[in-house]
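Take a look at the structure set out below.
Numbering (the numbering used here), first residue to last: 4 to 464.
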């Protein structure tokens, strides 16, 4: 059967990258790595790979992670995206995918018995044959992403190659990262390439835009500052609200930035304004979900509404994504009814996070956003009890990191910003919230925090 006319049809083939061999794909150790060099490294690694159908990519060095992904893809394998290297998670993943193999550049893995290949790249001057970009069937499942598992067992979501490419091209268009949009961009990221957000921005974008990734781990503020200073403009910082707050405190004057991109958790308007004021760069926020990938963006200080990528359209209960089709979402989206805002939507939060009290409805995500806008609040989150709708005496509680404020002062600030029925009772002051590396805060972690607070209160009586 002949391939369909649509270049994104399941039977079509899309190259690994269409970029010229001389383009800079990566900055590694302050030195540029060309597309041609990358293709040779990926081909050399592909020749060494196991025949197993699944590859688990644990490379911390972003260039090696990209080489490993490309090598597995060219061999027709599917990469499992796993940012959690805990022995418990690895044992569960190994039980689910016993026919996988791993690629890693760090210490030995504990918890999984997969064979491991170490994709150490040859030195820049090493001889290697020329390699062309392999053609990948659009319908091939290039990666499988997993939900965080905050509400249960992590769910697997297949990512066909055509959908990943369409999403990368749409993001490049939205953020001005195409060859026609100006000088090539250098992407410095604080998020791991094994997370869907990091995978899309630091592995897929360099393959299908004019941007280059910056290799190496850039988690601590000093690492980020050094990485930004080591690459030429245009610099784009990809990070999370949690990390952005730490960066703003420790790196008051980084190398000039073209943009800051944030995702994984709600970004408060106050933090976005502070960053734009201090760094002189626009702060752009991405909305995405593991099920569908990145879907929309906004400039937080200017617009509360989200503008979908051109490959995304809203429908009741979810979205339709090019290459994936209809995708149900756990989040509730409200399409704008104003004709001047047509096509945009407002995020109401997870459908399971919409709470009802006294005949009123609100989303925990919106309440958290209001809380984070209170002066002196460094971090905070609302928690709804399980019996909120069945017990008339139940109330929301809030856990707040605000060393200079008191619970009474915080409630006083919240009055007038939200309906009285949603004011938290109690406000529990804590030194820090138990967020993970990406800033996510699973409900089970908040429940444990509540239990600890209740125990401490009972013990002080």
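Positions of the beta carbon are idealized from the N, C-alpha and C atoms, including for glycine.
Residue environment, residue i, which counts as buried when at least 16 other CB atoms sit within 10 Å
i	result
residue 326	buried
residue 141	buried
residue 193	buried
residue 340	exposed
residue 458	exposed
residue 123	exposed
residue 163	buried
residue 318	exposed
residue 293	buried
residue 6	Its pLDDT being 34, under 50, residue 6 is placed unreliably by the model, and the measurement read from it follows with that caveat. Exposed, since its Cβ has fewer than 16 Cβ neighbours within 10 Å.
residue 137	buried
residue 291	buried
residue 337	exposed
residue 409	exposed
residue 420	exposed
residue 371	buried
residue 393	exposed
residue 17	buried
residue 450	exposed
residue 375	buried
residue 101	exposed
residue 43	buried
residue 287	buried
residue 418	exposed
residue 362	exposed
residue 343	exposed
residue 239	buried
beta-carbon residue i near the ligand NAP non-hydrogen atom, thresh 7 Å
i	result
residue 281	Annotation note on the ligand NAP: not contained in the displayed structure, which lists no ligands.
When the options are compared against residue i, the one with the closest alpha-carbon
i	options	result
residue 221	64, 364 and 430	64
residue 103	430, 115 and 417	115
residue 437	446, 86 and 243	446
residue 416	396, 367, 441 and 380	380
residue 474	224, 240, 89 and 347	Absent from the model: residue 474. The displayed extent of the chain is 4 to 464, so no value can be given.
residue 243	344, 269 and 368	269
residue 369	361, 356 and 362	356
residue 350	363, 359, 334 and 360	334
residue 172	365, 195 and 314	314
residue 35	42, 26 and 43	26
residue 76	456, 49 and 255	49
residue 297	240, 266, 95 and 254	266
residue 439	30, 23, 17 and 88	88
residue 55	359, 418 and 118	118
residue 58	22, 99 and 329	99
residue 206	230, 184 and 241	241
residue 395	359, 412 and 22	359
Residues that residue i bridges to, as DSSP identifies them
i	result
residue 216	29 and 190
residue 17	139
residue 536	Given that the chain is displayed from residue 4 to residue 464, the structure contains no residue 536 and the question cannot be resolved.
residue 338	348
residue 261	Its beta-bridge partners do not exist; DSSP assigns none.
residue 385	401
residue 421	418
residue 301	288
residue 149	159
residue 233	According to DSSP, residue 233 bridges with nothing at all.
residue 104	58
residue 240	191 and 263
residue 3	The chain is shown only over 4 to 464; residue 3 falls outside these bounds and no answer can be derived.
residue 430	401
Cβ-Cβ distance between residue i and residue j below 8 Å
i	j	result
residue 178	residue 273	no
residue 91	residue 61	no
residue 300	residue 289	yes
residue 83	residue 210	no
residue 383	residue 245	no
residue 252	residue 232	no
residue 331	residue 321	yes
residue 212	residue 180	yes
residue 134	residue 46	yes
residue 41	residue 28	yes
residue 435	residue 404	yes
residue 303	residue 277	no
residue 174	residue 208	yes
residue 86	residue 255	no
Is there contact here, the region 61-72 with the region 200-209, by at least three beta-carbon pairs under 8 Å?
-> A contact exists between the region 61-72 and the region 200-209.
Could you say if the region 320-334 and the region 277-286 meet the contact criterion of at least three C-beta pairs nearer than 8 Å?
-> With the cut-off at 8 Å, the region 320-334 and the region 277-286 do not touch.
When the Cβ atoms of the region 210-217 are set against those of the region 178-192, are three or more pairs found closer than 8 Å?
-> Between the region 210-217 and the region 178-192 there are three or more C-beta pairs closer than 8 Å, enough to call the two in contact.
Given 8 Å, three or more beta-carbon pairs between the region 378-392 and the region 299-309 = No, the region 378-392 does not touch the region 299-309.
Between the region 142-150 and the region 161-176, do three or more beta carbon pairs fall short of 8 Å?
-> Yes: at least three Cβ pairs fall under 8 Å.
Just checking, does the region 425-443 make contact with the region 390-405 on the three C-beta pairs under 8 Å criterion?
-> Judged by Cβ distances under 8 Å, the region 425-443 makes contact with the region 390-405, as three or more pairs qualify.
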